[in-house]
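Mind the numbering: the sequence shown is residues 1 to 1132 in the UniProt record's numbering, read in order.
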Amino acid sequence: MKKSQESSTSKNQEPITAFFKNSDGPNNVAISRKTNYLPSAKRKATCLDNDHLISQPVKLKLMNKETDTNKKLKQIKIENKDPLKQLEHSPIFNSLPDISNLQCVTFDKKDFEQDDVSDVFNDDWEHEEDAAAFDKLNLNKMQRCEVISLKNHENKMELFLKSGEMTGTCFVEGIWKSIPLSPGDIISVIAAKNETGQHYLNDTTGLLVLRPDHLISSTSVVAGVFCKRKAVLQERWRGIDSANTAMTIGIMVHELVQKALTQQISDITQLRLEADRMIRESIQMLYDAGMTEEETRTSMQCYIQPLNDFMKSYVVSKASHGIMQNNKENWNGHIDKVLDIEENICCPQLGLKGKIDATLQVTVPEKNVLQKAIVPLELKSGKASVSAEHRGQLVMYGMMLSLHRNEDPTVALQRGLLLYLRDKVDVREVNCGYPERRDLVMLRNQLVENLTSDPKDPDPEQLTDIEDASFLLQQKLPEPINHERACTKCPYLSICSVHLWHSGGPSVSENHPLSKLQGQALGHLSKDHIKYFFHWTALLKMEEKFQTNSSPLQALWTESAEKREKRGTCIPNLKIKTVEQSGEKHLHVFRRSGVRLNREKGPQEGEFAIVSIDGRPWVAAGVVSSVSSDEVQIHLERDLSKRLCVDTLYHIDSYESYSTIVQNLSNLGVLLEYSERSERLRTLIIDTTKPQFEAKLPREVGRLGIKLMRSLNIEQQRAVLKALSAQDYALLQGLPGTGKTQTISVLIQMLVGLKQRVLVTAHTHSAVDTLLSRLPETMKVMRLGSTARVDINLLHRTEKQLTASCHTVEELARLYDSMEVIGVTCLGSTHAILSRTTFDMCIVDEATQVLQCTVLRPLFAARRFLLVGDPKQLPPIVKSRAARRLGMEESLFHRLMDEEATCTLHLQYRMNQAITDVANQVAYDSRLKCANGHVALATLSIDMQKLSSKMEWLKRACSPEPEDAVLFLDMKSTNVFDFENESRSCRNKAEACLVLDLMECFKEGGVSSKNIGIIAPYREQVSLLRRALASYSVEVNTVDQFQGRDKSIIIYSCTKWNVSEDHKVKEGEILNDDRRLAVSVTRAKHKFIIVGNSKALHCYVPLQRLIRASATVSLNDDIVKCLYHKYKEIMI
């Protein structure tokens, strides 16, 4: 009978996911506890608990076996199988209480193999360090160390560590021994000392954090309590799991509670009014989740009265402690002050980060004495389960805060509050002993083991074959759980199964749920589909690794602010001048007195940046709004002045977010879905099925064409008709100046005239804005995205402006549905309207500049698409040389390019004949044609009479004559810089002086600065030219920023001057990029001037081709020196 009851319990109760319970001190033992399975959340801890999942016992995993993926990644024959001999010897199991009466708990003791790594490491240490310096490393405090070597003993592992100049050993025992360490690994460790003076960690003391520079959120860690595999998938493919009702309600309840806390709202009527106000102001979020206001209001009702009780009992009441005496489990304290809301907490010692719902100053009774304390509060909108996940977040916050107070995170007193408000007030104090802290760090290590590479993994930059890369760089994943219902409903089922069955990862039995679900998860995918998925995930991983190495986040805590400033990534030692409320953000003005800021280094306007203080990295982050010589303005989510003192010094660092990588991975994940939209794109993009076209178009097309296509030439008209007849897709190859923007504009008007809805997208904001600005005002157009990035002339068409008059979700939906054209960048295409609307056509401008996986997202939202671009111009930005070499630069336009599907525009209206001829020689093989004689004979408008007294070289440089339309000004001087330390710099002051002289000459000749553009390949040279030419208001930029635009005159500063004769061109050198050079040449209408040193440019083939096609004017040393000394003082 008892067995029957236990069996029944295991089938009907919720899954056991925790491995600890409430503990009052370090001697308490961790055991499993009933908890709820939490769905993924895009905002930490805001989901309502799911009650529908069936429970089953889950074995406690204290270690990860090395997966097959790990083994194959390591061609080096090092086996790191170092688990526990058996868990019986561990104190955590020996001291377990009798749990036989707890039907919801099951433990399986598991034997682990004992491995020998003596074939890898010699028996004796072979270090030659001075004995006096050896073992001086103090591990009584948390230390960031490098593993120099390791030695395996029977029951422990001996680590030789180095931190700075200090070295030492540490003996690792118990569950810590299961961590797969390798020489070169970075760890964070705190250990005890035994009677012989040796540092050690075991099951009862110390912490060892694997690769702590990889910060993982506390939310992600606790997500791994139920399924570590899903937690890793959520980190990498975030965005697959869309917004839902539970998440939305959770977010709104959080905001309501935070509002009540900060404004001391305890009146129930006022709380209801505040809730109603929030609902009205959140109609965009409700639309995204597919909810109505009434549904939201009903769902929030169960929180209003409990919130009112909470505020009266714990916040507003003057009592010294809470009055909720009817429930002994409720916290018996009082909230005195709200110190912070959504406090950023970043702890590189533990490799953790998080955002605390509320940081409170409280009064608590302690041994009949009232004491003050600062505690984190976490609000949960689900049932009061006090689950492992809920407790775990507060435990991790407690450890992080203890380290910020310079306390030992293994024993420091921890307090945290769990607040439940569903149906009734339930406030629980969370404090814990060592076992919970240890287990959470172990869980974090297990996740990070799969999310990061170890020193034995292959260097992606050394890979030369895409098949090898696809195999070696597959995502490592923990073993799957055995839970059929959870696996069936998991949004990551296809991605999980692809890795399970096609990556040589962990194997499962025939009876495992994933074996049964294999057909459902993968039956719709072919080998080519899976190969494409692994191909692109490998390329993205290579790019991510390169970005991580070139711009490491850990510099925030491993380098001083001054060192980061020298590297050009930080503006240090700032103080807050003012803070102003700016919508939902706080505009902070930082100033550094006495020292001028270098405006060209560090975070720039429009960039995302991180704000840190000494000892605490990443206290806030936001977008820089402006940088001047003495101030930096940045919008932050929190007002930093409220918590920190007025003399606090802040450091603002550039930050290259990896969110783009995650979004691209998510796009690939969606491509694997079993859905009509994904199947259609797989057929067209991966299988490269030929597109189909209508043989005849409706008569309405002819009627509209007479009206709208009159302004187009014959090539443009054919392109429009080709696009209209496409059943799947078409390609429009628009050579520079051929009027592709005008062609697309007419196409959009034709589509709208045919009652079709159009999605317009591109890689850049400027390209989207350029297209939308060509559409008539009578057309219903909406521009999605941040208004700060939208052209000022389109602000009236932005989503923010158009939706301002919408007061209900229904009104908002009607407005969206009424829009004929929607414009958004490819990266901004995660907007809910794209998932809830099917457009008739998606038009992608600059399609050759977008990664294949980036452009997928907008294509999911349309029945057919048109790719517009020029393969001879800028490719997608790929920083990893290996990824470029293995094909990451191949755009979707390149992949699908086919003669039958492509229309090409050859007739250009921009460049005169001389520049057209040079462009053909440099890139276009005589395919570029002047549209008419007027275009071909166009010349520069300049008054040469005013320049009659100038030197001959200057008069020729400014000459409007066709033979001088493309000039190379050869600065052959090699000794101008003998006295300057410029040899390693990517700037050239002599060229800047020459450009300045040209600008003065053009100005004297009556040429407006707005008709001149100056291009330089390097940012340092761009910065130098901007400073030197500040008084001219002339546009100076890199070629990437000039894409899609033109000027009457383009001056190109090559910059390089110190290249040796035997210089070997490196892969990816910008001066050797023929596509960027083609863009530079084709920006000019009437005159293109190259400024450079022929000797320094001899090794760059594209530039040599350009120089041979140009007329050359040689400038001797005297001219160059004269110019240099004339303008030297301006070259600041």
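Heads up, the beta-carbon is just placed ideally off N, CA and C, and yes, glycines get one too.
Since R564 contacts D653 with CB under 8 angstroms, what's their CB separation in whole angstroms?
-> Position 564 of the sequence shown, counted from the start, is the residue given in the question as residue 564. Position 653 of the sequence shown, counted from the start, is the residue given in the question as residue 653. Confirmed, about 6 angstroms.
_Going by DSSP, what residue range makes up the beta strand (DSSP E) through S152?_
Here residue 152 refers to the residue found at position 152 when the sequence shown is read from its first residue. According to the sequence shown, residue 152 is Asn rather than Ser. Looking at the DSSP string, the run of the beta strand (DSSP E) that includes N152 is Q143 to N152.
Between the C-alpha atoms of L421 and I304, what's the straight-line distance to the nearest angstrom?
Along the sequence shown, read from residue 1 onward, the residue named residue 421 stands at position 421. Along the sequence shown, read from residue 1 onward, the residue named residue 304 stands at position 304. Going by the C-alpha atoms only, they are around 8 angstroms apart.
- Query: With DSSP run on the structure shown, which of helix, strand or coil describes residue 1154?
  - Reply: Since the displayed the chain opens at 1 and closes at 1132, residue 1154 lies outside it and no answer follows.
Report task. Report the option in V222, Q143 and N202 whose CA atom is closest to the CA atom of I187. Result -> The count along the sequence shown starts at 1 and reaches residue 187 at position 187. When only C-alpha atoms are compared, the closest one is Q143.
* Asked: What three-state label does DSSP hand E342 in the structure shown?
  -> Counting from 1 along the sequence shown, the entry for residue 342 is found at position 342. Shown here, E342 sits in a strand according to DSSP, grouped into three states.
Inset, instruction - Write down the C-beta distance between L867 and D970 rounded to the nearest angstrom, noting that I regard them as a contact closer than 8 angstroms. - result: By one-based count along the sequence shown, residue 867 stands at place 867. By one-based count along the sequence shown, residue 970 stands at place 970. Not really, about 40 angstroms apart at Cβ, beyond 8 angstroms.
Review point. What residue range is occupied by the uninterrupted beta strand (DSSP E) comprising A609?
Key: Residue 609 sits at position 609 when you count from the first residue of the sequence shown. Its beta strand (DSSP E) spans residues F608 to I613.
Practice task
Let me know the secondary structure DSSP gives V1059 once reduced to three states.
Solution key: Along the sequence shown, read from residue 1 onward, the residue named residue 1059 stands at position 1059. Here V1059 sits in coil by DSSP.
Taking the straight line between their C-alpha atoms, what separation do you get for T205 and E158? Taking the sequence shown and counting its residues from 1, one reaches residue 205 at position 205. Taking the sequence shown and counting its residues from 1, one reaches residue 158 at position 158. In this structure, the straight-line span from the alpha carbon of T205 to that of E158 is close to 16 angstroms.
Q | 8 angstroms Cβ cutoff met for C1099 and V1039 | A | Translated into the one-based positions of the sequence shown, residue 1099 becomes position 1099. Translated into the one-based positions of the sequence shown, residue 1039 becomes position 1039. No, the Cβ-Cβ distance between C1099 and V1039 is not below 8 angstroms.
- beta strand (DSSP E) segment containing P1053, residue limits: On the sequence shown, position 1053 is the one that residue 1053 refers to. The sequence given here has Ser at residue 1053, not Pro. In this chain, the beta strand (DSSP E) harbouring S1053 covers K1047 to S1053.
Cβ-based burial, N94 [other Cβ within 10 Å; buried from 16]
Looking up residue 94 in the sequence shown gives position 94. Its pLDDT being 38, under 50, N94 is placed unreliably in this model, and the value from its coordinates should be taken loosely. Exposed, because fewer than 16 other Cβ atoms sit within 10 Å of the Cβ of N94.
Within the continuous alpha helix (DSSP H) that includes R1026, where are the two ends?
Position 1026 of the sequence shown, counting from 1, holds the residue named residue 1026. R1019 to A1028 is the span of the alpha helix (DSSP H), which, as asked, contains R1026.
Determine the direct distance from the alpha carbon of V611 to that of K162, and round the result to whole angstroms.
Counted from its first residue, the sequence shown places residue 162 at position 162. Counted from its first residue, the sequence shown places residue 611 at position 611. Their Cα atoms are separated by approximately 29 angstroms.
- Residue range of the unbroken alpha helix (DSSP H) whose run includes E715: Reading the sequence shown from its first residue, position 715 is the one you call residue 715. From DSSP, the alpha helix (DSSP H) with E715 extends over I714 to S725.
Since V781 and R757 are thought to touch, with beta carbons under 8 angstroms apart, how far apart are those beta carbons, to the nearest angstrom?
Start at 1 with the first residue of the sequence shown, and residue 781 comes out as number 781. Start at 1 with the first residue of the sequence shown, and residue 757 comes out as number 757. Incorrect: roughly 11 angstroms between the Cβ atoms, too far for contact.
| query | Can the beta-carbon of V966 be found closer than 8 angstroms to that of V918? | reply | Residue mapping note: residue 966 aligns to position 966 of the sequence shown, counting from 1. Residue mapping note: residue 918 aligns to position 918 of the sequence shown, counting from 1. Yes, they are a contact pair.
**OP:** Taking all protein chains shown into account, decide if E165 is buried (16 or more other Cβ within 10 angstroms of its Cβ) or exposed.
**Re:** Start at 1 with the first residue of the sequence shown, and residue 165 comes out as number 165. Result: exposed.
> Within 10 angstroms of its Cβ, does V375 collect 16 or more other Cβ (buried), or is it exposed?
Replying inline: In the sequence shown, the residue the question calls residue 375 occupies position 375. Buried, because 16 or more other Cβ atoms sit within 10 Å of the Cβ of V375.
Item to complete: With DSSP as the reference, label R592 as helix, strand or coil.
Response: Residue mapping note: residue 592 aligns to position 592 of the sequence shown, counting from 1. If DSSP states are grouped into helix, strand and coil, R592 belongs with coil.
### Query
CB R677 to CB L874, shorter than 8 angstroms?
Along the sequence shown, one-based indexing puts residue 677 at 677. Along the sequence shown, one-based indexing puts residue 874 at 874. In this structure, L874 does not lie closer than 8 angstroms to R677 by Cβ.
Where L668 and D185 are concerned, what is the direct C-alpha to C-alpha distance, given to the nearest angstrom? Numbered from its first residue, the sequence shown carries residue 668 at position 668. Numbered from its first residue, the sequence shown carries residue 185 at position 185. Counting only the Cα atoms, D185 lies some 31 angstroms from L668.
Margin query: Tell me the DSSP secondary structure of R783 in three-state form.
Written below: If you number the sequence shown from 1, residue 783 lands on position 783. If DSSP states are grouped into helix, strand and coil, R783 belongs with the strands.
For this session: Would you kindly work out how many angstroms separate the C-alpha atoms of A223 and L447, rounded to a whole number?
Result: As a working note, residue 223 is residue 223 in the sequence shown. As a working note, residue 447 is residue 447 in the sequence shown. Distance between the alpha carbons of A223 and L447: 10 angstroms.
(message) Our contact map puts N450 next to L472 with C-beta atoms below 8 angstroms; I'd like the distance itself, whole angstroms only.
(response) Here residue 450 refers to the residue found at position 450 when the sequence shown is read from its first residue. Here residue 472 refers to the residue found at position 472 when the sequence shown is read from its first residue. So it is not a contact: roughly 15 angstroms between Cβ atoms.
- Less than 8 angstroms separating the beta-carbons of G887 and I466? Here residue 887 is taken as the residue at index 887 of the sequence shown, counted from 1. Here residue 466 is taken as the residue at index 466 of the sequence shown, counted from 1. Contact: yes.
- request: Count the other CB atoms, across all protein chains shown, that sit within 10 Å of the CB of V821; report buried if there are 16 or more and exposed otherwise.
  value: Counting from 1 along the sequence shown, the entry for residue 821 is found at position 821. Burial call: buried.
_Cβ-Cβ distance between A723 and P691 below 8 angstroms_ = Here residue 723 refers to the residue found at position 723 when the sequence shown is read from its first residue. Here residue 691 refers to the residue found at position 691 when the sequence shown is read from its first residue. The answer is no: Cβ separation not under 8 angstroms.
Among K380, Q361 and L379, nearest to Q371 - alpha-carbon criterion: Along the sequence shown, read from residue 1 onward, the residue named residue 371 stands at position 371. The shortest Cα separation from Q371 among K380, Q361 and L379 belongs to Q361.
Reduced DSSP category for A486 - H, G, I as helix; E, B as strand; rest coil:
Here residue 486 refers to the residue found at position 486 of the sequence shown. Correct three-state label for A486: helix.
- Is the number of C-beta pairs between the segment 1090-1106 and the segment 983-998 that are closer than 8 angstroms three or more? Touching, per the Cβ criterion.
| said: I need the straight-line Cα distance from L517 to L525, nearest angstrom please. | reply: For this step, residue 517 is matched to residue 517 along the sequence shown. For this step, residue 525 is matched to residue 525 along the sequence shown. Their backbone Cα atoms lie some 14 angstroms apart in a straight line.
- request: Determine the contact status of A358 and A469, defining contact as a CB-CB distance below 8 angstroms.
  value: The residue given as residue 358 occupies position 358 in the sequence shown. The residue given as residue 469 occupies position 469 in the sequence shown. No. Outside cutoff.
Quick test of the definition: if touching needs 3 or more C-beta pairs under 8 angstroms, does the segment 892-911 touch the segment 924-943? Because the criterion of three Cβ pairs below 8 angstroms is met, the segment 892-911 and the segment 924-943 touch.
task: Given a cut-off of 8 angstroms, decide if E342 and K355 are closer than it, judged by their beta-carbon atoms.
output: For the purposes of this step, residue 355 is taken as the residue at position 355 of the sequence shown. For the purposes of this step, residue 342 is taken as the residue at position 342 of the sequence shown. Cβ distance < 8 angstroms, so K355 and E342 count as in contact.
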